[in-house]
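Some notes on the structure that comes next.
Residue numbers (the numbering used here): 134 to 558.
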């Protein structure tokens with residue numbers, strides 16, 4: 134009885150800390166707003182090589198995913214989150230002090246290590262902390278969206294500041310980013326493991342690898358998980374590419390840094406607001422939610438590039454571009470929440486960790502592919518033409534995936550088989 138009370142207190146502490154942690158650790162505050170500008174204007178890296186960084190990062194995540202899953206399994210969730218934040222900080226430090234492209238590549242290796250640890254550990258940590266109940270999915274989504282929406286609002290403030298501070302000194306936003314990353318690290322030190330002692334026995338590397346294999350086999354046999362992970366993995370790849378493209382387009386049509394900061398800040402606020410409405414969006418669109426989000430994003434990116442290609446005058450051109458960005462960021466806010474809810478449905482905490490590892494692997498593969506295509510296009514065409522080509526190509530892919538998903542996702546719980554539901558095994 135006493136042990137159960139201690140376990141409940143640990144879970145409560147994690148649930149209380151998680152939204153605060155998410156607010157400062159969801160992504161790099163200050164830095165993301167000026168990353169493209171800093172790399173191209175201060176470090177002298179071409180647009181194509183900036184996008185190619187995404188490919189390098191995704192490649193490192195791809196080859197590290199299984200080893201990092203074993204590391205997380207051996208170290209535990211709490212220690213893995215801490216290590217992830219340490220490497221996350223080192224990534225930005227290396228970019229700040231870099232003298233050549235090799236150091237930039239090394240920073241992407243550190244980033245891949247950090248984000249692999251964070252991706253595999255953070256959501257399972259929250260999932261194991263939420264009490265088992267019929268409404269567990271809604272409680273999880275509420276806590277996740279609370280933290281993520283706060284991050285978006287804080288990101289909006291930091292993005293505005295970063296745009297103005299960048300024009301004073303390009304290194305100020307990066308130093309502030311590192312300070313907030315250290316704050317995230319400090320919060321992560323206060324998380325606690327919630328597994329019972331008998332579950333915390335040290336596993337050998339072989340046992341850990343076997344567990345990862347079991348996770349892969351479970352997903353391969355599950356029609357639901359295969360279609361879900363393919364769809365959200367591809368969507369994450371294109372979201373990452375679109376994020377780099379959107380800032381590059383604004384820079385190339387000569388929008389000043391301070392105004393880019395204001396635009397991106399407004400988009401962060403919209404993303405935060407939409408994240409809190411994720412449950413309502415999902416209830417309205419049900420199993421079509423992911424398809425609606427993806428199509429609006431792909432069509433939007435094509436339209437944003439298209440208005441520059443056809444040569445609209447400056448004001449209507451910028452207005453249409455910003456409108457497509459608003460839709461994209463609104464949909465991204467919803468996507469960030471419901472993808473985690475979908476993956477967590479019908480899963481035990483142990484299986485969920487493995488599913489996140491496989492998802493990260495698939496997402497890295499799609500991210501690497503999308504970034505490689507995006508980078509290659511920029512070697513022989515301008516950003517606006519690349520956006521049109523990518524938008525059309527990705528729309529076709531999404532329509533194919535949506536057809537594949539139709540009979541595999543969105544069923545009633547009793548309609549799923551043992552292959553799809555972990556706790557039925």
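For each residue, glycine too, the CB sits at the ideal point set by N, CA and C.
Quick check: the Cα distance between residue i and residue j, rounded to an integer number of angstroms?
i: residue 495; j: residue 254; result: 17 Å
i: residue 180; j: residue 417; result: 39 Å
i: residue 300; j: residue 177; result: 17 Å
i: residue 198; j: residue 397; result: 31 Å
i: residue 289; j: residue 295; result: 10 Å
i: residue 285; j: residue 225; result: 20 Å
i: residue 366; j: residue 493; result: 8 Å
i: residue 532; j: residue 232; result: 43 Å
i: residue 508; j: residue 227; result: 22 Å
i: residue 536; j: residue 423; result: 12 Å
i: residue 280; j: residue 149; result: 10 Å
i: residue 329; j: residue 386; result: Because residue 329 carries a pLDDT of 47, less than 50, the predicted location of this residue cannot be relied on, and the following value inherits that uncertainty. If I take the Cα positions, the gap works out to 56 Å.
i: residue 375; j: residue 142; result: 41 Å
i: residue 313; j: residue 393; result: 22 Å
i: residue 186; j: residue 217; result: 19 Å
i: residue 446; j: residue 452; result: 10 Å
i: residue 209; j: residue 325; result: 10 Å
i: residue 442; j: residue 428; result: 21 Å
i: residue 259; j: residue 173; result: 38 Å
i: residue 456; j: residue 433; result: 9 Å
i: residue 315; j: residue 157; result: 10 Å
i: residue 183; j: residue 469; result: 24 Å
i: residue 530; j: residue 517; result: 20 Å
i: residue 519; j: residue 145; result: 48 Å
i: residue 320; j: residue 448; result: 44 Å
i: residue 243; j: residue 506; result: 23 Å
i: residue 263; j: residue 439; result: 46 Å
i: residue 454; j: residue 407; result: 19 Å
i: residue 498; j: residue 304; result: 32 Å
i: residue 189; j: residue 460; result: 28 Å
i: residue 357; j: residue 351; result: 11 Å
i: residue 524; j: residue 435; result: 4 Å
i: residue 369; j: residue 360; result: 14 Å
i: residue 201; j: residue 247; result: 10 Å
i: residue 491; j: residue 302; result: 41 Å
i: residue 413; j: residue 528; result: 25 Å
Secondary structure at residue i, three-state DSSP: helix, strand or coil?
i: residue 385; result: helix
i: residue 139; result: helix
i: residue 160; result: coil
i: residue 154; result: helix
i: residue 90; result: In the structure as shown, the chain starts at 134 and stops at 558, and residue 90 therefore has no counterpart that could be examined.
i: residue 231; result: coil
i: residue 443; result: coil
i: residue 332; result: The predicted position of residue 332 is uncertain, since its pLDDT is 42 and thus under 50; a value taken from the coordinates is nonetheless stated next. Reduced to three states, the DSSP call for residue 332 is helix.
i: residue 193; result: helix
i: residue 302; result: coil
i: residue 179; result: coil
i: residue 209; result: coil
i: residue 508; result: helix
i: residue 293; result: helix
i: residue 456; result: helix
i: residue 521; result: helix
i: residue 188; result: helix
i: residue 220; result: helix
i: residue 467; result: helix
i: residue 514; result: coil
i: residue 263; result: coil
For residue i, which option in the options has the closest C-alpha, if you only look at C-alpha atoms?
i: residue 522; options: 475, 380, 371, 230; result: 371
i: residue 431; options: 407, 409, 379; result: 379
i: residue 205; options: 213, 298, 199; result: 213
i: residue 373; options: 465, 473, 256; result: 465
i: residue 165; options: 306, 142, 493, 467; result: 306
i: residue 437; options: 427, 428, 426, 450; result: 450
i: residue 404; options: 249, 384, 163, 467; result: 467
i: residue 147; options: 354, 238, 256, 293; result: 256
i: residue 471; options: 519, 151, 364; result: 364
i: residue 409; options: 274, 444, 462, 308; result: 274
i: residue 239; options: 262, 191, 201; result: 191
i: residue 462; options: 282, 271, 503; result: 282
i: residue 515; options: 236, 291, 382; result: 382
i: residue 278; options: 196, 154, 167; result: 154
i: residue 251; options: 525, 421, 188, 160; result: 160
i: residue 310; options: 291, 194, 349; result: 291
8 Å is my cut-off, CB to CB: does residue i come that close to chain B?
i: residue 138; result: Although the question refers to chain B, the structure presented lacks it and comprises just one protein chain.
Segments of 4+ residues assigned as alpha helix (DSSP H) that fall wholly inside the stretch 350 to 425: Annotation: the stretch 350 to 425 contains the following complete segments of the alpha helix (DSSP H) (minimum length 4 residues), in chain order: 356 to 385, 390 to 408, 411 to 418.
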